[in-house]
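> For the sequence shown, UniProt numbering gives the first residue as 1, with consecutive numbering after it. The structure follows.
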Amino acid sequence: MKNIKSKGEYKRIKHTFDPVFDSNSRILILGSLPSVKSREEGFYYGHPRNRFWKVISSIYGYDEPKTVEEKKKMLIESNIAVWDVIDSCDIIGSSDSSIKNVEVTDLGRVLDNCDIEHIFANGKAAGKLYSKFSEQKIGRPIIELPSTSPANAAYTLEKLIEAWKIIK
């Protein structure tokens with residue numbers, strides 16, 4: 001199916017990597033679905049201009065992690081779990097606005113195995129998708145934070161860090 005406004009065609013995408021968490025995780029940060037670049041990298045927030053790793057490392061006092069192992073270590077040591085709302089969907093490229101035919105992630109995989117105190121959305125799309133597909137089943141609200149995506153040019157890195165400090 002061709003979409004004239006978007007670059008490319010719809011593709012069915014299946015989430016292919018596991019959530020990051022352990023029994024000490026207290027915060028769950030949910031994205032919508034990994035971007036094309038993240039899917040290529042095989043890990044969350046893989047686009048070099050995504051500011052997620054800069055924001056988290058700044059808030060928690062770490063050097064910005066470069067490798068997947070360093071990123072996982074920082075999250076675990078900071079008691080942060082990371083996953084996405086969508087398990088599979090049809091999408092054009094990395095465009096959250098093109099998402100359709102959503103199958104949601106079983107968030108119980110994380111929530112049943114650690115004492116999550118707060119759930120945060122990395123951006124409006126993740127917040128809306130959680131509210132639409134998961135909130136009633138989970139029975140817990142989500143706190144929407146500004147997206148760390150490079151597409152969110154309205155937020156400087158400094159503004160993102162300030163807004164995201166609520167997670168600590």
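A virtual CB, placed ideally from N, CA and C, is assigned to each residue, including glycine.
Please report how far the alpha carbon of I4 lies from the alpha carbon of D22, in whole angstroms.
Caution is warranted here: a pLDDT of 39 is assigned to I4, below 50, making its placement in the model unreliable, and the coordinate value is therefore given only provisionally. Using only the alpha carbons, I get a separation of about 43 Å.
> Just verifying my parser: in three-state terms, what is the DSSP assignment at G108?
Correct three-state label for G108: helix.
> So, is M1 buried or exposed, given that buried needs 16 or more other C-beta atoms within 10 angstroms?
Confidence in M1 is poor, its pLDDT being 36 and thus under 50, which makes the residue's placement unreliable; the coordinate value appears in the next sentence. Answer is exposed; the Cβ neighbour count stays below 16.
> Is it buried or exposed, G123, if we count other Cβ atoms within 10 angstroms and call 16 or more buried?
Label assigned to G123: buried.
> In whole angstroms, what separates the C-alpha of I76 from that of S25?
If you take the alpha carbons of I76 and S25, they lie about 7 Å apart.
> Contact check, L30 vs V85 under 8 Å by CB: the rounded distance?
With 8 Å as the limit, L30 and V85 qualify as a contact, their Cβ atoms being about 5 Å apart.
> What is the rounded straight-line gap between the Cα of K54 and the Cα of R12?
K54 and R12: Cα-Cα distance of roughly 30 Å.
> Return helix, strand or coil for S57, following the three-state DSSP convention.
Helix at S57.
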